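Here the structure is laid out as structure tokens; the discussion comes afterwards.
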Amino acid sequence: MPPQATTPVRAHRTGPAPNLVSVAEAAALLDCSPRTVRHRAATGTLPAHRIGARTWGIDRTALDTYRHGGTAA
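If you count the sequence shown from 1, position 67 lands on 103 in my numbering, and the numbers rise without skipping.
Next comes the structure, spelled out in structure tokens:
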């Protein structure tokens, strides 16, 4: 019997990418509510990426710049 071809196994990532932080993490760092973070993300005040229909991922570098009073965009 010839050997069967195998498909490589891939890890399934379930959370945001490593350079992104969650809304909850961003809220804790900014000392505000998650709702405020979502609002700032939706209006473009805080650069963020939509992950699916209801989840935001906030870029860690942009968040640090925003926290220290710089222009995050």
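Even glycine gets a Cβ: it sits at the ideal position worked out from N, Cα and C.
Just so you know, these numbers come straight off a predicted model, no measurement behind them.
In the DSSP assignment, D100 falls within the alpha helix (DSSP H) that extends over R96 to R103. By the neighbour-count definition (other C-beta atoms within 10 Å, threshold 16), R71 is an exposed residue. Using a 10 angstroms sphere on the CB of D100, the tally of other CB atoms stays under 16, which defines it as exposed.
In this model, S58 and I94 are separated by some 6 Å (Cα to Cα). A straight line joining the alpha-carbon of G88 with that of G105 spans about 29 Å.
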